[in-house]
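**Q** Our numbering numbers the first residue of the sequence shown as 1 and each following residue consecutively.
Just so you know, even glycine gets a beta-carbon here, dropped at the ideal spot from N, CA and C.
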Amino acid sequence: MNMTRNQKSVALAIAGVISLLPSCAATGNATAKITSKFPDFWPVQSVQNGNASWYSIKTNYGKRTASGQQLSNTAATAAHKTLPLGSTVRVTNMDNGKAEVVTITDRGPYIQGRIIDVTVGVAERLGFAARGVASVKVELLAKPGS
Numbered sequence: 001m002n003m004t005r006n007q008k009s010v011a012l013a014i015a016g017v018i019s020l021l022p023s024c025a026a027t028g029n030a031t032a033k034i035t036s037k038f039p040d041f042w043p044v045q046s047v048q049n050g051n052a053s054w055y056s057i058k059t060n061y062g063k064r065t066a067s068g069q070q071l072s073n074t075a076a077t078a079a080h081k082t083l084p085l086g087s088t089v090r091v092t093n094m095d096n097g098k099a100e101v102v103t104i105t106d107r108g109p110y111i112q113g114r115i116i117d118v119t120v121g122v123a124e125r126l127g128f129a130a131r132g133v134a135s136v137k138v139e140l141l142a143k144p145g146s
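So this is what it looks like as structure tokens:
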């Protein structure tokens, strides 16, 4: 079944919220947990500016990330040298203003001058996959209440 990019984004968002429901019920704090899935409302802890590149299963020479998760070319994930695994960041392409929120699941990039590697799917959505590298702003997002 072929899904459009928007349909995939909606499906991923629904799956993310559904995955939180058991933990929400256990804590009795359902509103805070579900709201936390919408990082546009999360405060920015720090900002980095620099170049981003992309990577994929083929260029990563494997299917696992440093966090142990399976790498997916279309997932909203990224590699960063120093941010804690599991961090949520907003990556904005400075050339066109497109932004996407991703989770840090891997380490890298290991090329001087690059601050983040996003999956090839994220690079496509941000509009720089064909070029390979783009000038970006990376905002570390703080979860509410943390």
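Report the option in TYR55, ARG107 and VAL89 whose CA atom is closest to the CA atom of ALA99.
**A** That would be VAL89, whose Cα lies nearest to the Cα of ALA99.
**Q** Among the candidates GLN112, VAL47, SER56 and ARG125, whose CA atom is the shortest distance from the CA of ASP106?
**A** Here the closest residue by C-alpha is SER56.
**Q** If you pair each beta-carbon of the segment 126-138 with each one of the segment 60-76, do three or more pairs fall below 8 Å?
**A** As far as the Cβ criterion goes, the segment 126-138 does not touch the segment 60-76, which means the pair count is below three.
**Q** Check the C-beta distance from ILE115 over to GLY50 and give it rounded, since I have them as a contact under 8 Å.
**A** Sure, about 4 Å apart at Cβ, within 8 Å.
**Q** Can you list, in chain order, the residues of its chain whose CB lies under 6 Å from that of HIS80, leaving out five sequence neighbours each side?
**A** Answer for HIS80: ILE104 and ILE116, listed in chain order.
**Q** Go ahead and label PRO84 buried or exposed: buried means 16 or more other beta carbons lie within 10 angstroms of its beta carbon, across all protein chains shown.
**A** With fewer than 16 other Cβ atoms within 10 Å, it is exposed.
**Q** Residues in the same chain with beta-carbon distance under 6 Å from PRO43, minus the five sequence neighbours each way, listed in chain order, please.
**A** Within the same chain, PRO43 has close Cβ partners ALA142.
**Q** Give the C-beta separation of VAL102 and VAL122 to the nearest angstrom, bearing in mind that I take them to be a contact with Cβ-Cβ under 8 Å.
**A** About 6 Å; that satisfies the 8 Å criterion.
**Q** Looking only at its own chain, which residues have a Cβ that is under 7 Å from the Cβ of ARG64, when we skip the five neighbours before and after it?
**A** So the qualifying residues of the chain are GLN70 and LEU71.
**Q** Can you tell me whether SER53 is buried or exposed, with buried defined as 16 or more other CB within 10 angstroms of its CB?
**A** SER53 should be labelled buried.
**Q** Report all residues from its chain with a CB closer than 7 Å to the CB of PHE128; omit the five preceding and five following residues, and keep chain order.
**A** Once the five neighbours on either side are set aside, the close Cβ partners of PHE128 are ASN93 and ALA134.
**Q** Select from GLY108, GLN48 and LEU140 the residue whose C-alpha is nearest the C-alpha of THR59.
**A** Closest option to THR59, Cα to Cα, is GLY108.
**Q** List the residues that DSSP assigns as beta-bridge partners of ILE104.
**A** According to DSSP, which records beta bridges pairwise, ILE104 is partnered with ALA78.
**Q** May I ask you to list the residues that DSSP assigns as paired with VAL89?
**A** DSSP lists VAL102 and LEU140 as partners of VAL89.
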